[in-house]
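A.B. asks: Input: one structure, supplied below.
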Amino acid sequence: MRFVVEKIKQYQFFIFIALVLLVSTLVWWHYFGTHGKILGDAKQYQELSLNLLRNHSFSLDGELSMMREPAYPVFLAVNYYLFGVNPTIIRVEQVVLYYLIILMAYFLASKIFNIFIARFTALILSVYPVYIISTNLLYSEILATFFAMVLVLFFYLAQKTDKISFYAAAGLTLGLLILTKGAFIIFAPLCLLLILINRGITKNALKIALIFSACLILVTVPWVARNYSYFGEPSFASRGGVLLYQRAIRVDYDRSQVTKYLITSFGGEYFVRRFVDVEYDYERDGKGVYAGREERDRIYRMLGTENYDKVDGAMRKDAIKIVKEHPVSYFLWGLVELNNLNSPMIYYDRHFGIFHDDIYGHEILKSSTIILLRFGWYLFLALVVLGGYNIIKTKYRQAYILLLAVIAANSVSFFLDGVPRFLMPVFPIYIVLALCGLICFTNAHFYRNKAGNNLIASG
Numbered sequence: 001m002r003f004v005v006e007k008i009k010q011y012q013f014f015i016f017i018a019l020v021l022l023v024s025t026l027v028w029w030h031y032f033g034t035h036g037k038i039l040g041d042a043k044q045y046q047e048l049s050l051n052l053l054r055n056h057s058f059s060l061d062g063e064l065s066m067m068r069e070p071a072y073p074v075f076l077a078v079n080y081y082l083f084g085v086n087p088t089i090i091r092v093e094q095v096v097l098y099y100l101i102i103l104m105a106y107f108l109a110s111k112i113f114n115i116f117i118a119r120f121t122a123l124i125l126s127v128y129p130v131y132i133i134s135t136n137l138l139y140s141e142i143l144a145t146f147f148a149m150v151l152v153l154f155f156y157l158a159q160k161t162d163k164i165s166f167y168a169a170a171g172l173t174l175g176l177l178i179l180t181k182g183a184f185i186i187f188a189p190l191c192l193l194l195i196l197i198n199r200g201i202t203k204n205a206l207k208i209a210l211i212f213s214a215c216l217i218l219v220t221v222p223w224v225a226r227n228y229s230y231f232g233e234p235s236f237a238s239r240g241g242v243l244l245y246q247r248a249i250r251v252d253y254d255r256s257q258v259t260k261y262l263i264t265s266f267g268g269e270y271f272v273r274r275f276v277d278v279e280y281d282y283e284r285d286g287k288g289v290y291a292g293r294e295e296r297d298r299i300y301r302m303l304g305t306e307n308y309d310k311v312d313g314a315m316r317k318d319a320i321k322i323v324k325e326h327p328v329s330y331f332l333w334g335l336v337e338l339n340n341l342n343s344p345m346i347y348y349d350r351h352f353g354i355f356h357d358d359i360y361g362h363e364i365l366k367s368s369t370i371i372l373l374r375f376g377w378y379l380f381l382a383l384v385v386l387g388g389y390n391i392i393k394t395k396y397r398q399a400y401i402l403l404l405a406v407i408a409a410n411s412v413s414f415f416l417d418g419v420p421r422f423l424m425p426v427f428p429i430y431i432v433l434a435l436c437g438l439i440c441f442t443n444a445h446f447y448r449n450k451a452g453n454n455l456i457a458s459g
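Per full-length UniProt numbering, numbering through the sequence shown is continuous, rising by one, with the last residue being 459.
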């Protein structure tokens, strides 16, 4: 009994976080859960997983597909094989995965910074609604966040211990992350660059980079080869063409469209609908969704097929042509998308659409609410930047992987689309950096470690 009591005391904080997460999960699931329904993109993941389970085929609508990356459908299929087709099991497992994400964020924060930042990071994540609500959805965000945090953890340990095995594990984990969210291929060159920055261009550094790359290739190439064999596309998924086209087509927006888009990006859709154009719809008019559908239908007719994978490839070619013709405009739009990406991450179907259907009355109250929300979020981002600056200023190279993760996520949206949930795989790092920035700003000298540095752990 005494042994049990001692263990409880030793791990009491982690038990406390688990209990907070459990209560938060029950609350957020009750108010925002799907209540057993499979909605939106989850229908595709469900169909893919069931076809894998029953027909041993990665297919949609009876045809082989590369519409989605394979990791999450495989995750579902394995669970369905072991426990039966029960989405509730998946939801519970995603809560467990999220708890592991919190623990990894805690470990990284405690090792790189201090216990204060670690505990506040864990506490914030244990009640943060966006993640907790996502555990109730059959979406790939939680699995992607798990792999992203494992990658950062392995890379940190590799830099700290200089063990090649950790670099190999990081390469394997990055492969799994890419097979969950293909856009994170951007991590690969950044990780290789970081290896060379930290170690210099030496024989040993090149050896490590080669091992890291080999492990990454080992995981990803079979899937890419499969897609090239069946579809002639060496890609991870066939959604990039549509997204790239919807992004590229914005360079042709007239001044009125650009104005509305910018107001929405920086202030929210409410200000456009209330004071400029009551019929404006950001999803329809701003993001190029309808233009993308029209182009898709045109290619359907031209190719004489409704195969989504082939159409996506054709749309990618059209998008690249537009980008080559308007490179400067495309770059400038990328800056706007970075702002979109770093908009308030709140649980709302249309993250720019607060008061979308309630635009009349209480204008001052509604406007003030949006402005305060935006201001608070920009303040949070300023703290993230300050925390990152502190890492660079102190030249704490073992922590550079945190900055790399943030850069990778932002790079994806710079070239594609800025949707806040795209930040989810690296958002725990945002919280860690923001808390670091907060301490820097308040000059909290009483959080000094033994080495006398007021933030960076001595390692």
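Don't be surprised by glycine CBs; every beta carbon is placed ideally from N, CA and C.
So, with DSSP's three-state summary, where would you put N453?
C.D. replies: Residue placement at N453 is flagged as unreliable, the pLDDT there being 49, under the threshold of 50; the coordinate-derived value follows with that caveat. N453: coil per DSSP, three-state reduction.
A.B. asks: Just verifying my parser: in three-state terms, what is the DSSP assignment at Y389?
C.D. replies: DSSP, reduced to helix, strand and coil, places Y389 within a helical segment of the structure shown.
A.B. asks: Indicate whether I370 and G267 have their beta-carbon atoms separated by less than 9 Å.
C.D. replies: Yes.
A.B. asks: Output the distance between the C-alpha atoms of V242 and D312, rounded to the nearest integer angstrom.
C.D. replies: Near 6 Å, if we compare the C-alpha coordinates of D312 and V242.
A.B. asks: Identify, in the order they occur along the chain, each residue of the same chain with its Cβ nearer than 7 Å to the Cβ of K181, setting aside the five sequence neighbours on each side.
C.D. replies: E69, S140, A144 and P425
A.B. asks: Below 7 Å CB to CB, which residues in the same chain sit around N410 once its five sequence neighbours on both sides are set aside?
C.D. replies: For N410, where only same-chain residues beyond five positions count, the Cβ hits under 7 Å are L338 and L341.
A.B. asks: Going by DSSP, what residue range makes up the alpha helix (DSSP H) through L26?
C.D. replies: Q12 to F32
A.B. asks: Go ahead and pull the three-state DSSP assignment for S238.
C.D. replies: coil
A.B. asks: Just the Cα atoms here: how many angstroms apart are L216 and P87?
C.D. replies: 30 Å
A.B. asks: Only counting runs of 4 or more residues, tell me where the alpha helix (DSSP H) segments fall wholly within the UniProt domain "Glycosyltransferase RgtA/B/C/D-like" (70-223), in order along the chain.
C.D. replies: Taking only runs of at least 4 residues, the alpha helix (DSSP H) segments lying wholly in the UniProt domain "Glycosyltransferase RgtA/B/C/D-like" (70-223) are 71-83, 87-112, 115-127, 129-134, 141-161, 164-178 and 187-199.
A.B. asks: Since I believe I322 is in contact with residue 462 (beta carbons under 8 Å), could you give me their beta-carbon distance rounded to a whole number of angstroms?
C.D. replies: Nothing about residue 462 can be read from this structure; the chain reaches only from 1 to 459.
A.B. asks: How far does the alpha helix (DSSP H) with N339 in it extend, from its first residue to its last?
C.D. replies: Annotation: the continuous alpha helix (DSSP H) that includes N339 extends over P327 to L341.
A.B. asks: Using the beta-carbon count (16 or more within 10 Å), is G361 buried or exposed?
C.D. replies: exposed
A.B. asks: According to DSSP, simplified to helix, strand and coil, what is S413?
C.D. replies: DSSP places S413 in helix when its eight states are reduced to three.
A.B. asks: Can you tell me which of A237, N136, F422 and V432 puts its alpha carbon nearest to the alpha carbon of K111?
C.D. replies: V432
A.B. asks: Give the range of the alpha helix (DSSP H) segment to which L262 is assigned.
C.D. replies: R255 to G267
A.B. asks: When you compare only the Cα positions, how much space is there between S458 and C440?
C.D. replies: A caution first: S458 carries a pLDDT of 41, below 50, which makes its placement in the model unreliable, though a value can still be read off. Roughly 17 Å between the two C-alpha positions.
A.B. asks: Determine the DSSP secondary structure at L39, reduced to helix, strand or coil.
C.D. replies: coil
A.B. asks: For Y31, tell me which candidate among V224, G286 and V130 has the shortest Cα-Cα distance.
C.D. replies: Among V224, G286 and V130, the Cα nearest to that of Y31 is on V130.
A.B. asks: Spatial neighbours of A399 within its chain, please: CB distance less than 6 Å, with the 5 preceding and 5 following residues excluded, ordered by chain position.
C.D. replies: I112 and I391
A.B. asks: According to DSSP, simplified to helix, strand and coil, what is E63?
C.D. replies: strand
A.B. asks: Can you give the Cα-Cα distance for V150 and E279, rounded to whole angstroms?
C.D. replies: 45 Å
A.B. asks: For I115 versus A168, is the C-beta spacing smaller than 9 Å?
C.D. replies: In this structure, I115 keeps its C-beta atom at 9 Å or more from the C-beta atom of A168.
A.B. asks: Go ahead and label A214 buried or exposed: buried means 16 or more other beta carbons lie within 10 angstroms of its beta carbon, across all protein chains shown.
C.D. replies: exposed
A.B. asks: Taking C-alpha atoms, which residue in F414, V328, L21 and R199 lies nearest to V92?
C.D. replies: L21
A.B. asks: Helix, strand or coil for R68, going by three-state DSSP, please let me know.
C.D. replies: coil
A.B. asks: Could you please give the first and the last residue of the uninterrupted alpha helix (DSSP H) stretch that includes P428?
C.D. replies: F427 to T442
A.B. asks: Could you tell me the distance, in whole angstroms, from the CA atom of F14 to the CA atom of I197?
C.D. replies: 35 Å
A.B. asks: Give me the residue from R54, L108, A105 and G62 with the minimum Cα distance to V74.
C.D. replies: Considering only alpha carbons, the answer is R54.
A.B. asks: Leaving aside the five residues before and after I186 along the sequence, list all residues of the same chain whose C-beta is less than 7 Å from its C-beta, in chain order.
C.D. replies: A408, S411 and V412
A.B. asks: Nearest-angstrom Cα distance between L403 and G62?
C.D. replies: 43 Å
A.B. asks: Using three-state DSSP, classify S57 as helix, strand or coil.
C.D. replies: coil
A.B. asks: Between the C-alpha atoms of F414 and Q12, what's the straight-line distance to the nearest angstrom?
C.D. replies: 42 Å
A.B. asks: In angstroms with no decimal places, state the Cα-to-Cα distance between I354 and L438.
C.D. replies: 28 Å
A.B. asks: If distances are taken between C-alpha atoms only, which option among L218, Y330, Q257 and N204 comes closest to V251?
C.D. replies: Y330
A.B. asks: Do you know offhand how far T202's Cα is from V336's?
C.D. replies: Using only the alpha carbons, I get a separation of about 39 Å.
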